[in-house]
Amino acid sequence: MSSTELRLSTFCGFDLDRVPALKKALTEVPGAAAGQSRAVGVTVENAYSALARGNGVSPRNLGLDDGSQGTDSDRSGFTAPSRDAADVAADIGRRLAHLLACQKLQEDGYTIDPSRVFDDEPAPSEQKIKAALAQAKTLIDRDSQWNNTDDVNDLKNKLVGLTAAEAEAVVGQLSDPDLKALNEAFTERHIGIVDISQGLDNNGRIAIANALYPGLSTDQLHRFASAMTSLAPALGGTDGSGNQDQNGIHYQWSNGQLFIDGKAAPSEIQQGDLGDCWFLAGLGAEQQVNPNFAQQHIRDNGNGTYTVTLYQDGKPTPITVDGQLPYNNWNPPQTSFEHSPSGASWVQIYEKAYAQSHGGYANIEGGYGNVSMHDLSGKSSNRVDPDDTSLNDIRSKLDSGVPVTVGTNSHHSGFLWLHSDETFDNHKLVTSHEYIVQSVNNSVDPPTITLRNPWGQGANPPETVTLTQDEFNGHINDVDFGG
2 MSSTELRLST FCGFDLDRVP ALKKALTEVP GAAAGQSRAV GVTVENAYSA LARGNGVSPR
62 NLGLDDGSQG TDSDRSGFTA PSRDAADVAA DIGRRLAHLL ACQKLQEDGY TIDPSRVFDD
122 EPAPSEQKIK AALAQAKTLI DRDSQWNNTD DVNDLKNKLV GLTAAEAEAV VGQLSDPDLK
182 ALNEAFTERH IGIVDISQGL DNNGRIAIAN ALYPGLSTDQ LHRFASAMTS LAPALGGTDG
242 SGNQDQNGIH YQWSNGQLFI DGKAAPSEIQ QGDLGDCWFL AGLGAEQQVN PNFAQQHIRD
302 NGNGTYTVTL YQDGKPTPIT VDGQLPYNNW NPPQTSFEHS PSGASWVQIY EKAYAQSHGG
362 YANIEGGYGN VSMHDLSGKS SNRVDPDDTS LNDIRSKLDS GVPVTVGTNS HHSGFLWLHS
422 DETFDNHKLV TSHEYIVQSV NNSVDPPTIT LRNPWGQGAN PPETVTLTQD EFNGHINDVD
482 FGG
């Protein structure tokens, strides 16, 4: 066989002659299995009859019902092939159609991902690919200020409708300048005194990321996501903007592991220069009562993207983000917001997904633990005054698997109490700050409650603090119970 013939008969390691032959053979298995089953049954029936004649008795005396041996495929061992072969053949048929369509795309000059050519997805449509590229070119060739929302949403709808193979082909045809131009078209802006809206709203940006990110190859994902900064949550406008920790803040790809040894713990939470203690405390409280919470709600897509399941009005809402995280321009750069002491990135990915769902990091500053836990779990939650609960009640809730956070009081000092303090009680607690409730100890007198600060390790005030009932009543503003 010549090298040309070999190339034509194989594609991405698949033999284009043998795969169809396998499908055909599997299609024939149910009929062959039934025939073999009948043959075995007849053989067994003849053996019983011969045995009966040799003993001068009726076959019924040997427990043989007339005709049963000819149809008892289960006893003859042919049930599984008869039942499953047709489904397997259909599965291979779908994958084969996908494989051949990917081969055609490559022949026509499109980029394909060799690792995805045998996916069980609908065969990619070159017509859909061309339609998406044509609409993209319309936006690319036009100054972004003249791109109306309808045109941008038309491209969004075409992109959202693509399969993984189709998305790979579309992105592969777009140059880096093309992607930059599309990013400008997608960027949401309001123009003029009549407040004309252009670009994509947050739901549109989330829809594109959810649809395209999980299926792209790593190379194409990095090209696309690095150019499409409009699809990531905005970094500016936070209360700490201009602080040293946010000096030169930018997105940068992270090499950290999602989980260390597949585990996650509240001690890996370490709040950065972002006022989202309420969100991180809620996340830590959920993880504390369910050590697999984060693992159950984050899916690693295997290409540098992650799909986080949040909840809106109690309904699961997937949010897909890439692995680029907010870094400053220190030497070496450090993550500006959440930064786990273990090097795991699961908290940062959760924080980014939550910021994405709200349209930017600035939009998740300030809140209460009950809102965080509701958005994280989809379960009902509530916030109560400390006087309306007790340490014993909180202990009971924790023992039954209910996550709990608390918020501290504000504190003022100085002339006429005009100075707003950051800490109080000899730097024991942070003012107006959300804490994870770690435990309640009823075996001591007086009972105590131990709180974990989402500022994390090495912080001052300390990572954990233990309060008596009186201190709890004096320092805590609200108690938040999850579902």
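Read left to right, the sequence shown gives residues 2 to 484 (this note's numbering). Ideal placement from N, C-alpha and C gives every residue a C-beta, glycine not left out. Source: prediction; values computed, not measured.
Are the CB atoms of residue 480 and residue 385 nearer to each other than 8 Å? yes
When you compare only the Cα positions, how much space is there between residue 477 and residue 270? 21 Å
Tell me the rounded alpha-carbon separation between residue 400 and residue 387. 19 Å
What three-state label does DSSP hand residue 15 in the structure shown? strand
Given residue 119 as reference, the closest of 149, 16, 32, 182 once Cα atoms are compared: 16
Which class does residue 46 belong to by DSSP, given the choice of helix, strand or coil? helix
Opposing strand residues paired with residue 300 [DSSP bridges]: 308
Under 8 Å between the Cβ atoms of residue 341 and residue 328? no
Residue 189 and residue 1 - do their beta-carbons sit closer together than 8 Å? The question about residue 1 has no answer, for the chain in this structure spans 2 to 484.
Considering Cα atoms alone, identify which of 54, 26, 134, 116 is closest to residue 88. 26
Supposed close pair residue 212, residue 160 - CB separation, criterion 8 Å: 6 Å
Can you tell which of 316, 303, 322 has its C-alpha closest to the C-alpha of residue 309? 322
Please state whether DSSP places residue 347 in a helix, a strand or coil. helix
Just to confirm the assignment, what range does the beta strand (DSSP E) spanning residue 340 have? From DSSP, residue 340 is part of no beta strand (DSSP E); its letter is neither H nor E.
How would you call residue 445, buried or exposed, if buried means at least 16 neighbouring beta carbons within 10 angstroms? exposed
Continuous alpha helix (DSSP H) stretch holding residue 261: start and end: Premise fails: residue 261 is in no alpha helix (DSSP H) and is neither H nor E.
Taking the CB atoms as reference points, tell me whether residue 265 and residue 288 lie closer together than 8 Å. yes
In terms of residue numbering, what span does the alpha helix (DSSP H) encompassing residue 397 cover? 392-400
How about residue 452: is its C-beta nearer than 8 Å to some C-beta of chain B? In summary, chain B is missing from the structure at hand, where a single protein chain is found.
Measure the CB-CB distance between residue 186 and residue 117 and report whether it falls below 8 Å. no
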